[in-house]
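Peer 1: This is the structure I have questions about; it appears just below.
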Amino acid sequence: CSGRASSGVLCPVLGSPVQKRQESLGKSPAEGHKDGEDLEKGLEMRKWVLSGILASEETYLSHLEALLLPMKPLKAAATTSQPVLTSQQIETIFFKVPELYEIHKEFYDGLFPRVQQWSHQQRVGDLFQKLASQLGVYRAFVDNYEVAMETAEKCCQANAQFAEISEGLHLGTFFFMFLLWFFFTALLYKPVDRVTRSTLVLHDLLKHTPVSHPDHPLLQDALRISQNFLSSINEEITPRRQSMTVKKGEHRQLLKDSFMVELVEGARKLRHVFLFTDLFLCAKLKKQIGGKSQKYDCKWYIPLTDLSFQMVDESEAVPNIPLVPDEELDAMKIKISQIKNDIQREKRANKGSKVIERLKKKLSEQESLLLLMSPSMAFRVHNRNGKSYTFLISSDYERAEWRENIREQQKKCDFSLTSVELQMLTNSCVKLQTVHNIPLTINKEDDESPGLYGFLNVIVHSAAGFKQSSNLYCTLEVDSFGYFVNKAKTRVYRDTTEPNWNEEFEIELEGSQTLRILCYEKCYNKMKLTKEDGESTDRIMGKGQIQLDPQTLQDKDWQRTVISMNGVEVKLSVKFTSREFSLKRMPSRKQTGVFGVKIAIVTKRERSKVPYIVRQCVEEIERRGMEEVGIYRVSGVATDIQALKAAFDVNNKDVSVMMSEMDVNAIAGTLKLYFRELPEPLFTDELYPNFAEGIGRAGVLKGPDSVIFQYK
1 CSGRASSGVL CPVLGSPVQK RQESLGKSPA EGHKDGEDLE KGLEMRKWVL
51 SGILASEETY LSHLEALLLP MKPLKAAATT SQPVLTSQQI ETIFFKVPEL
101 YEIHKEFYDG LFPRVQQWSH QQRVGDLFQK LASQLGVYRA FVDNYEVAME
151 TAEKCCQANA QFAEISEGLH LGTFFFMFLL WFFFTALLYK PVDRVTRSTL
201 VLHDLLKHTP VSHPDHPLLQ DALRISQNFL SSINEEITPR RQSMTVKKGE
251 HRQLLKDSFM VELVEGARKL RHVFLFTDLF LCAKLKKQIG GKSQKYDCKW
301 YIPLTDLSFQ MVDESEAVPN IPLVPDEELD AMKIKISQIK NDIQREKRAN
351 KGSKVIERLK KKLSEQESLL LLMSPSMAFR VHNRNGKSYT FLISSDYERA
401 EWRENIREQQ KKCDFSLTSV ELQMLTNSCV KLQTVHNIPL TINKEDDESP
451 GLYGFLNVIV HSAAGFKQSS NLYCTLEVDS FGYFVNKAKT RVYRDTTEPN
501 WNEEFEIELE GSQTLRILCY EKCYNKMKLT KEDGESTDRI MGKGQIQLDP
551 QTLQDKDWQR TVISMNGVEV KLSVKFTSRE FSLKRMPSRK QTGVFGVKIA
601 IVTKRERSKV PYIVRQCVEE IERRGMEEVG IYRVSGVATD IQALKAAFDV
651 NNKDVSVMMS EMDVNAIAGT LKLYFRELPE PLFTDELYPN FAEGIGRAGV
701 LKGPDSVIFQ YK
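Set out below in structure tokens:
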């Protein structure tokens, strides 16, 4: 149905629902008067809903008329010596369309005069009941889909005979071919969508129809028939929506799709990428204007037979990836958190919806900018016969998943695609897509879990199932602000099939719902290195994930789990501490140490302006950590951090030697722990309101070269 019609049918939200009619005995005159007003309003709503149905039916009939338009010239051509299609093929393509038209024409002709001559006692239930009783025609229509699709696409691939037909219809040849294709990829589901919408409308009519009204039992019966039909047919339709027929009668199946950031001449562009059984397609979602439906523009595509992850020319320059500094990304996150708090505050204060909508718009802008600017990991695809393309993603897990899916499909795919088919395929992406929304807060359902906030302690115990000795390590990823980031990395366990890391990490969660683990083989031998995305990479041996269930993790005890991946099993333990507990500052009982002791006391004792622990950690990080990615984001090993904490607390003279032997992330983790355990935060309690006000006034703006944090 058109946007105009469907809005009238699906959105009858004016007024309040009518309560079931109750006996008025014992009620005050005021109560009886109120019930009468509600009943009157509900009966008026019936007319409003039915008026929307009439407008919708009018549009639907025009669609069916358009579908029947090519029938006459095709039938005429079928009687000539050179038919475009045989009579049998025509019957197959347009199977049950005339019957559907007649059914809905009769329904419209019956409903129109009743709405025109409206009264509260007007009956329409018999029309809906009769319409529901004819759903068998829809069943036959859908069951014929497979054969009809193949026949219609043969028609689209036909020869110049189409020119004669299209001239007779005063249509361009391309448009006529497109019309036939569009019928069987988009409009085919109009009848089934029609039943879905009709079912929703029946709900609305029942809601506004008193139980005592003669229409009530008839509408209930029609609703029951429609719901039974939908439940029986939905399972059959879903797989068909995911495919379209190509030459040789095979199906071009959608295997995977996702939003990605493409790097185009140094600029980041949001794209929707689709992996089909025979090609990889990159599309741009057009802006919706005036309530029009979604449309895609094809930016480029690569046949899987020509797709490679290797550079076409080894000497070809790898494009530089413009990285956004961590502090600028953090500024965006602070702004997002502040806006979310503002929204919650406005909701609690029951302020006007305009204020909340304005805040939600600001939130979407900031979240979109963060999703665009945060990815930094290259995922490059190359066309053996042409250009190379670069995407930026934030998760090695996702990059590995895309490569695996593509390589697996390359073993069994064949390819052919005309320019007409490309246009058809691009338009079909709206129907075929499985990822419908960018991961923004505004796109989430109200009852959707907000995720976990706090700290997740993870112990990576061991792994088993490797077939040969390797140098093995693991990384941990969690989702945060709509995308996944690498949060921790174990040591490399050398020459083993059963590594025993037994390393603990503390990972900060910010609305997280999933923990991912990737197991790698460390490649020290340069001859074995795989050159992908223009850089040397270690080999992923397996990957897996677990959902972070709030109910399971709230008991604060360690939870042991095993993640299976490609024949390998990794043993983990996890424990969650919510933000309300993790942020509690507990002063140290021992004032001789540095952790949990006020800065003023430590600096006075050390006779310095900056604590020794801060100077030592910063110097070591700057000495050998400036080339590391995510120095303060990636967690260090918890046992190393605790060892350094103990050494600083007792003023161990060998602390500098210990630091030189530890991973730089453990040193960064020690510094973070020191600041977190201060009795009073660096942003002091007294000045915190001023800092909060400053953050509220600040904005994250995109400059010509980078994202900058500045006051408005």
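In full-length UniProt numbering, the protein residues as written are 1 to 712. Every residue, glycine too, gets a C-beta built ideally from N, C-alpha and C. This one's a predicted model, so the numbers in the text were calculated from it and none came from an experiment.
Which residues bound the beta strand (DSSP E) around residue 540?
Peer 2: Mapped onto the sequence shown, residue 540 falls at position 540. Element bounds for residue 540: 539-547.
Peer 1: In terms of residue numbering, what span does the alpha helix (DSSP H) encompassing residue 102 cover?
Peer 2: Your numbering for residue 102 matches position 102 in the sequence shown. That run of the alpha helix (DSSP H) goes 97-116.
Peer 1: Given a threshold of 16 other Cβ atoms within 10 Å of its Cβ, counted over all protein chains shown, does residue 486 qualify as buried or as exposed?
Peer 2: Position 486 of the sequence shown, counted from the first residue, corresponds to residue 486. The residue is buried, with at least 16 neighbouring Cβ atoms inside 10 Å.
Peer 1: Taking only the alpha-carbon atoms, compute the straight-line gap between residue 556 and residue 636 and give it to the nearest angstrom.
Peer 2: Within the sequence shown, the letter at position 556 stands for residue 556. Within the sequence shown, the letter at position 636 stands for residue 636. Using only the alpha carbons, I get a separation of about 22 Å.
Peer 1: Roughly how many whole angstroms lie between the Cα atoms of residue 461 and residue 560?
Peer 2: Numbered from 1 along the sequence shown, position 461 holds the residue referred to as residue 461. Numbered from 1 along the sequence shown, position 560 holds the residue referred to as residue 560. Between residue 461 and residue 560, the C-alpha separation is close to 10 Å.
Peer 1: Would you list the residues sitting across from residue 512 in a DSSP beta bridge?
Peer 2: Residue mapping note: residue 512 aligns to position 512 of the sequence shown, counting from 1. BP columns for residue 512 point to 452.
Peer 1: Answer yes or no: do residue 120 and residue 61 have a C-beta to C-beta separation smaller than 8 Å?
Peer 2: Within the sequence shown, numbered from 1, the residue matching residue 120 stands at position 120. Within the sequence shown, numbered from 1, the residue matching residue 61 stands at position 61. For residue 120 and residue 61, no; Cβs fall outside 8 Å.
Peer 1: Does the Cβ-Cβ distance between residue 222 and residue 129 come in under 8 Å?
Peer 2: Position 222 of the sequence shown, counted from the start, is the residue given in the question as residue 222. Position 129 of the sequence shown, counted from the start, is the residue given in the question as residue 129. Contact flag set, yes.
Peer 1: Might you give, ordered along the chain, the residues of its own chain that have their beta carbon closer than 6 Å to the beta carbon of residue 301, omitting 5 neighbours on each side?
Peer 2: Taking the first residue of the sequence shown as position 1, residue 301 is located at position 301. Excluding positions up to five away in sequence, the list reads 279 and 281.
Peer 1: Have a look at 333, 507, 595 and 143 and flag the residue whose alpha-carbon is nearest the alpha-carbon of residue 95.
Peer 2: Position 95 of the sequence shown, counted from the start, is the residue given in the question as residue 95. Closest option to residue 95, Cα to Cα, is 143.
Peer 1: From the DSSP output, which residues share a beta bridge with residue 474?
Peer 2: Against the sequence shown, residue 474 aligns to sequence position 474. For residue 474, which the question treats as bridged, DSSP gives the partners 519.
Peer 1: Using only the alpha-carbon positions, how far apart do residue 552 and residue 576 sit?
Peer 2: Locating residue 552 in the sequence shown gives position 552, counting from the first residue. Locating residue 576 in the sequence shown gives position 576, counting from the first residue. Cα-Cα distance, rounded: 10 Å.
Peer 1: Name the two residues that bound the continuous alpha helix (DSSP H) containing residue 603.
Peer 2: Along the sequence shown, one-based indexing puts residue 603 at 603. Segment 599-606, the alpha helix (DSSP H) holding residue 603.
Peer 1: Which value, in whole angstroms, describes the spacing of the CA atoms of residue 510 and residue 633?
Peer 2: Here residue 510 refers to the residue found at position 510 of the sequence shown. Here residue 633 refers to the residue found at position 633 of the sequence shown. If you take the alpha carbons of residue 510 and residue 633, they lie about 12 Å apart.
Peer 1: For residue 358 and residue 365, I'd like the C-alpha separation in whole angstroms.
Peer 2: Within the sequence shown, numbered from 1, the residue matching residue 358 stands at position 358. Within the sequence shown, numbered from 1, the residue matching residue 365 stands at position 365. Cα to Cα, the separation comes out at about 11 Å.
Peer 1: Measuring straight from C-alpha to C-alpha, what distance separates residue 73 and residue 417?
Peer 2: Here residue 73 refers to the residue found at position 73 when the sequence shown is read from its first residue. Here residue 417 refers to the residue found at position 417 when the sequence shown is read from its first residue. Computed Cα separation, rounded: 28 Å.
Peer 1: Is the beta carbon of residue 484 less than 8 Å from the beta carbon of residue 516?
Peer 2: By one-based count along the sequence shown, residue 484 stands at place 484. By one-based count along the sequence shown, residue 516 stands at place 516. The answer is yes: Cβ separation under 8 Å.
Peer 1: Buried or exposed: residue 353, going by 16 or more other Cβ atoms within 10 Å of its Cβ?
Peer 2: Residue numbering aside, residue 353 sits at position 353 when the sequence shown is read from its first letter. By the neighbour-count rule (16 or more Cβ atoms within 10 Å), residue 353 is not buried but exposed.
Peer 1: With a threshold of 8 Å on Cβ separation, who are the neighbours of residue 639 within its own chain once the five nearest residues in sequence on each side are excluded?
Peer 2: Sequence index remark: in the sequence shown, residue 639 carries index 639 (1-based). 503 and 504.
Peer 1: For the structure I just gave you, are there three or more beta carbon pairs, one from the segment 211-226 and one from the segment 129-140, closer than 8 Å?
Peer 2: Verdict: yes, contact present.
Peer 1: So does residue 324 have its beta carbon nearer than 7 Å to some heavy atom of the ligand ADP?
Peer 2: Ligands in the displayed structure: none, and consequently the ligand ADP is not present.
Peer 1: Straight-line CA distance for residue 107 to residue 100?
Peer 2: Residue numbering aside, residue 107 sits at position 107 when the sequence shown is read from its first letter. Residue numbering aside, residue 100 sits at position 100 when the sequence shown is read from its first letter. One C-alpha to the other measures close to 11 Å.
Peer 1: Take residue 599 and list the residues in its own chain whose beta-carbon comes closer than 7 Å to its own, dropping the five residues that flank it on each side.
Peer 2: Numbered from 1 along the sequence shown, position 599 holds the residue referred to as residue 599. Cβ within range, chain order: 611 and 678.
Peer 1: Between which two residues does the alpha helix (DSSP H) harbouring residue 674 extend?
Peer 2: Here residue 674 corresponds to residue number 674 of the sequence shown, with the count starting at 1. Segment 664-676, the alpha helix (DSSP H) holding residue 674.
Peer 1: Mapping DSSP to helix, strand and coil, what is residue 414?
Peer 2: Sequence index remark: in the sequence shown, residue 414 carries index 414 (1-based). Three-state result, residue 414: coil.
Peer 1: Whole angstroms are fine: how far does the CA of residue 297 sit from the CA of residue 277?
Peer 2: The sequence position of residue 277 within the sequence shown is 277, counting from 1. The sequence position of residue 297 within the sequence shown is 297, counting from 1. Distance between the alpha carbons of residue 277 and residue 297 is about 20 Å.
Peer 1: Where do the N-terminal and C-terminal ends of the beta strand (DSSP E) with residue 303 fall, by residue?
Peer 2: Taking the sequence shown and counting its residues from 1, one reaches residue 303 at position 303. Its beta strand (DSSP E) spans residues 296-303.
Peer 1: Identify every residue that forms a DSSP beta bridge with residue 282.
Peer 2: The sequence position of residue 282 within the sequence shown is 282, counting from 1. 273 and 300.
Peer 1: Can you list, in chain order, the residues of its chain with a C-beta nearer than 8 Å to that of residue 307? Leave out the 5 residues immediately preceding and following it.
Peer 2: Residue mapping note: residue 307 aligns to position 307 of the sequence shown, counting from 1. Excluding positions up to five away in sequence, the list reads 280, 381, 382, 383, 384, 406 and 410.
Peer 1: Starting from residue 380, follow the beta strand (DSSP E) in both directions and report where the run begins and ends.
Peer 2: For this step, residue 380 is matched to residue 380 along the sequence shown. Residue 380 -> beta strand (DSSP E) spans 377-383.
Peer 1: DSSP puts residue 576 in a beta bridge; with which residues?
Peer 2: The residue you call residue 576 lines up with position 576 of the sequence shown. Residue 576 is bridged to 456.
Peer 1: Which partner residues does residue 307 have in the DSSP bridge list?
Peer 2: Position 307 of the sequence shown, counting from 1, holds the residue named residue 307. The partner list for residue 307 (beta bridge, DSSP) reads 383.
Peer 1: Name the residue from 663, 93, 630 and 667 whose alpha carbon lies nearest to the alpha carbon of residue 648.
Peer 2: Within the sequence shown, the letter at position 648 stands for residue 648. Of the listed residues, the one whose Cα sits closest to residue 648 is 667.
Peer 1: Do you know how far the Cα of residue 148 is from the Cα of residue 475?
Peer 2: Taking the first residue of the sequence shown as position 1, residue 475 is located at position 475. Taking the first residue of the sequence shown as position 1, residue 148 is located at position 148. Looking at the two C-alpha atoms, the distance is approximately 50 Å.
Peer 1: Give the single residue among 686, 198, 151 and 93 whose Cα lies nearest to the Cα of residue 55.
Peer 2: One-based indexing of the sequence shown puts residue 55 at position 55. For the residues 686, 198, 151 and 93, the minimum Cα distance to residue 55 belongs to 198.
Peer 1: Measuring alpha carbon to alpha carbon, tell me which residue in 428, 655 and 631 is nearest residue 295.
Peer 2: Taking the first residue of the sequence shown as position 1, residue 295 is located at position 295. Taking only the C-alpha atoms, the option nearest residue 295 is 428.
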